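Read in order, the letters of the sequence shown are residues 179 to 516 in my numbering.
Structure first, commentary second.
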Amino acid sequence: MGIASGARDDGELRSGIERWLRARGLVPADATVEPISRPAAGLSSDTAFVGVVTPTGERDDYVVRLPPVGDGLFPEYDLLGQVDRQNSLAERGIPIAAPVRYEPDPSWLGAPFMVMPRVRGSVLSRSWLRKGLIAEASPEFRHGLMLGFVRSVASLHRLPVDPPATDAALAARFATWSEYLDWATGDEEPPAFMTAAREWCGSNLPVGPGPAVELWGDVQLTNAVFTDTGAVAALLDWEMTGQGPAELDLGWFLALHEMTVEQHGASLPGLPARAEILDWYETATGRTVGDLRWFEAFALLRSGSIMVRMARILAAQGFDDSWLVSNNPTAVALDRVI
179 MGIASGARDD
189 GELRSGIERW
199 LRARGLVPAD
209 ATVEPISRPA
219 AGLSSDTAFV
229 GVVTPTGERD
239 DYVVRLPPVG
249 DGLFPEYDLL
259 GQVDRQNSLA
269 ERGIPIAAPV
279 RYEPDPSWLG
289 APFMVMPRVR
299 GSVLSRSWLR
309 KGLIAEASPE
319 FRHGLMLGFV
329 RSVASLHRLP
339 VDPPATDAAL
349 AARFATWSEY
359 LDWATGDEEP
369 PAFMTAAREW
379 CGSNLPVGPG
389 PAVELWGDVQ
399 LTNAVFTDTG
409 AVAALLDWEM
419 TGQGPAELDL
429 GWFLALHEMT
439 VEQHGASLPG
449 LPARAEILDW
459 YETATGRTVG
469 DLRWFEAFAL
479 LRSGSIMVRM
489 ARILAAQGFD
499 DSWLVSNNPT
509 AVALDRVI
C-alpha cells in the first residue's frame, strides 16, 4: 500500500544489482542482466524488477525491494523481518515468492535490501473491476478465482500458532495504529472522520477475541499473483504481517473489497457476495467467524491512516490533497460500518 516519496536512479540501481547478483553466484558469467523495470503498484517501497538471460535463452527474473528514498509510509522498514517471515511461511506451504535473500550491507545499493524470485502470472491493477484479468473473464472464472483466493487465506490461517490471542494484544495493536495516525498527520489534526473512527474503535475493543492465527496483514486481491487459470501463484506484500485473531485479516479484506466495489458502483457477475465468502472461509478453516464490525472499522482506521500519510507526502511534493476530506471513500465506508 501507499506511495514512496522517491526512487533511486535506474542506471545506478541496475549496476549495483548486477554486481550483487554476480557476487552471490546468481548470474552465470555469460548471462546478461537486463535494464530494470518498475511495478505499476506496490508503492510503499522502492521496488525494481530485473531479468537475467543466458545466451541460450534461459531466464530468471528477480524482484528487489528497498526502503523508500526520503519520506515513506511507515516510520521503520523491517526488511529482515519480512524476509524471515516470507521464508518461514513458504517452508510451511504458503504460496510466496521464495527463497528471499536479505542484504544488510548498504554499499551495494545505498540501503539494505531484499531479493526474491519474480513469480510469473498476473497482478491486478487498482482498476481491476474495470479492466484486466477479472474484468475480462467469465462469471465462472471470477467465481473460481475468488474461491481459490479465499482458500489460500484460509490455508494461512490454519497453520498452527502457539500463543493465544488476548484482549491486551488487541489493545496494543490499536494503540500502535492510534500512534501511527498521529505520526501520519504530523503537525496537523487528523480529519474529523478519522478522529471519530479512532474514538469509536478505542471505546469498543472486542472482549475475548478468537484464537490467534498467522496473519497476512494486507489481504487484497491486488496483492496476489494469479495464473492464467485463476489459481493463486503467490501472495505478496508482507509489511503488516504478524499474529492475531483471523478477523483482523478478514475485516481488512472485506472492508477494502467492499469499498472498492462501492467506488466502482457494482460488483461483477460471478464474484461472490459477502455471505458466500465467509461461508467458504468457515468451511475451509472449520471455525466460525466472529462479529466483524469492529475489525472492519479498525481496518478502515488503519487504511485511512495510511491514506493520511500518503496525502501529507503528496502535499509536501506540491500535489493537491483535497481528496482526503472531500468525497473520501474511507469516510463513506466508515459511516456505513460505525
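Yeah, the Cβ is synthetic: ideal placement off N, Cα and C, and Gly gets one too.
Please read all numbers here as calculations on a predicted model, not as lab measurements.
By Cβ distance below 7 Å, which residues in the same chain neighbour residue i in space, the five residues on each side in sequence not counted?
i, result
"F371", "A509 and L512"
"T466", "E460"
"N265", "A276, P277 and V278"
Hey, out of the options, whose CA is closest to residue i's CA?
i, options, result
"G189", "P213, A209 and R202", "P213"
"R304", "A313, R298 and R296", "A313"
"T225", "L191, M324, G408 and L426", "L191"
"H335", "L311, M324 and G388", "G388"
"K309", "I491, P217 and T400", "T400"
"P277", "G408, V241 and G229", "V241"
"R351", "L257, M418, P282 and S215", "M418"
"A517", "S381, L348, W394 and F431", "Residue 517 is absent from the model: the chain starts at 179 and stops at 516."
"F404", "A349, F431, D365 and P273", "P273"
Leaving aside the five residues before and after residue i along the sequence, list all residues of the same chain whose C-beta is less than 8 Å from its C-beta, in chain order.
i, result
"E377", "none"
"R202", "R279"
Just the C-alpha distance for residue i and residue j, rounded to the nearest angstrom, thanks.
i, j, result
"T210", "W416", "30 Å"
"A375", "W306", "28 Å"
"D187", "V515", "43 Å"
"P423", "G468", "9 Å"
"L287", "R296", "19 Å"
"R480", "W355", "6 Å"
"P253", "T234", "45 Å"
"A453", "G259", "35 Å"
"V301", "A315", "14 Å"
"R299", "Q398", "Arg is not the amino acid found at residue 299; the sequence shown has Gly there. C-alpha separation (whole angstroms): 16 Å."
"G386", "G271", "30 Å"
"D238", "P384", "47 Å"
"R243", "M292", "5 Å"
"Q441", "L449", "16 Å"
"I491", "Q421", "30 Å"
"R320", "D396", "21 Å"
"P447", "E318", "9 Å"
"A346", "M485", "27 Å"
"G380", "L199", "48 Å"
Leaving out the 5 sequence neighbours to the left and right, which residues in its chain are closer than 6 Å to residue i when beta-carbon positions are compared?
i, result
"G429", "L470, F473, E474 and A477"
"L359", "P368 and S483"
"A275", "M294, P295, V297 and A412"
"S504", "none"
"M437", "P507 and A511"
"Y255", "P245"
Can you tell me where the beta strand (DSSP E) with residue i in it begins and where it stops?
i, result
"D469", "No beta strand (DSSP E) contains D469, which DSSP labels as neither H nor E."
"E392", "A390 to L393"
"V241", "R237 to L244"
"D187", "Element bounds for D187: n/a, residue is neither H nor E."
Confirm, please, whether the CB-CB distance from residue j to residue i is below 7 Å.
i, j, result
"V331", "A390", "no"
"R487", "A362", "yes"
"S285", "L251", "no"
"W501", "V328", "no"
"V205", "V230", "yes"
"Q257", "P290", "Residue 257 is actually Leu in this sequence, not Gln. It is a contact, given that the beta carbons lie within the stated cut-off."
What are the boundary residues of the alpha helix (DSSP H) that residue i is part of?
i, result
"T438", "A424 to H442"
"F371", "A370 to S381"
"V297", "Taken as a continuous stretch (DSSP letters only), V297 belongs to no alpha helix (DSSP H), as it is neither H nor E."
"Y280", "No alpha helix (DSSP H) contains Y280, which is instead part of the beta strand (DSSP E) from R279 to E281."
"D247", "It should be noted that the sequence gives Val, not Asp, for residue 247. First-last for V247: undefined, no H or E at that position."
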